[in-house]
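Structure, as structure tokens:
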Amino acid sequence: MGTFPAPGPKESARQIRNYILNNHQKLFKIKIKSLKINEHIDILEDIAFEFCSTYPADYDMGYWHWRGLHTCAEIVIQQYISYINRKKIIAIVKTCAFLFRIYRKTCEEMYKPTGSFETEKALIWNSYLRNLE
């Protein structure tokens, strides 16, 4: 085993994905949502493939199975967590932007000429103005 090279990026990505899916709760203290497991499998494999393509293993197959697989899996898990956090932040920003657009549209409709604010307040102001005369 020591004379064989480490697996290529595609095989490494597949091994890392399987290693994470089999050991994710006890080793990495993360939970992968079971409802979207196929989506998360693809994301994990894409992240692992990108990492293995960028940083190919420069050691043999023995070290890959002894320590390299776990080390690469830890890095992929960190990238996966940052990917999920980035998606959450984007969702929060989109929600805030959507709520702001609703607020702005409501304000424009309320304060426009002949809007509800002007109509309601005109009734109050007209009574005050009549009393001043």
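Numbering (the working numbering), first residue to last: 94 to 226. From the three backbone atoms N, C-alpha and C, an ideal C-beta is built for every residue, glycine too.
- Between the C-alpha atoms of ILE182 and CYS189 there is a straight-line separation of about 11 Å.
- Per the Cβ contact rule, the stretch 152-172 is in contact with the stretch 94-113 (3 or more Cβ pairs under 8 Å).
- Our two residues, ALA150 and GLY101, have alpha carbons roughly 8 Å apart in a direct line.
- Assignment of ASP153 by DSSP, reduced to helix, strand and coil, places it in the strand class.
- Under the DSSP assignment, THR199 falls in the alpha helix (DSSP H) whose first and last residues are 162-204.
- The beta-bridge partner set that DSSP reports for PRO102 is empty.
- C-alpha of PHE144 to C-alpha of HIS117: approximately 18 Å in a straight line.
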